[in-house]
Amino acid sequence: MLQNFFIPQIAQYGVTGFFQQDGVTSHTARVSMNILKDLFPNRIISRNGNIPWPPRSPDLTACDFFLWGYIKSRVYQTPLRTLDDLKQDIIYKN
1 MLQNFFIPQI AQYGVTGFFQ QDGVTSHTAR VSMNILKDLF PNRIISRNGN IPWPPRSPDL
61 TACDFFLWGY IKSRVYQTPL RTLDDLKQDI IYKN
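Throughout the sequence shown, residue numbering follows UniProt numbering, covering 1 to 94 in sequence.
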């Protein structure tokens with residue numbers, strides 16, 4: 001995911017801000033964190049990042065409180081038949 005999607009997106013759009021993630025073990029594996037530390041030096045909000053993730057902090061988890069419900073309501077406005085239809089709706093839905 002990092003090598004195939006995330007890094008090319010960062011390069012394409014020139015993102016220079018902070019990186020935020022939760023403390024899930026797969027997100028904080030040493031290999032993943034080393035890649036992220038190279039991309040976001042001293043700008044990682046995470047369990048193993050240089051800025052600790054505040055527990056139970058709704059202001060840092062906006063996706064949980066807004067985004068996922070909003071995307072679901074938009075994507076499922078019309079019936080979907082395939083996984084590709086779902087992917088396209090998530091990416092291109094206006």
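Using N, Cα and C, we set each Cβ at its ideal position, and we do this for glycine too.
For D22, the CB contacts under 7 Å within the same chain, skipping 5 residues up- and downstream, are W53 in chain order.
DSSP lists I45 as the beta-bridge partner residues of Q20. Membership of S73 in the alpha helix (DSSP H) is indicated by the continuous run W68 to V75. Within the DSSP secondary-structure output, I51 pairs in a beta bridge with I45. In the three-state DSSP reduction, A11 falls in the helix class (H, G or I).
Distance from L36 to F19 at the Cβ level is roughly 6 Å; contact confirmed, criterion being Cβ atoms closer than 8 Å. With a beta-carbon spacing of about 5 Å, R47 and T28 fall inside the 8 Å limit used to define contacts. If you look at R30, you'll find it in the alpha helix (DSSP H) that goes R30 to L39. Taking the CA atoms as reference points, Q88 sits about 12 Å from R81.
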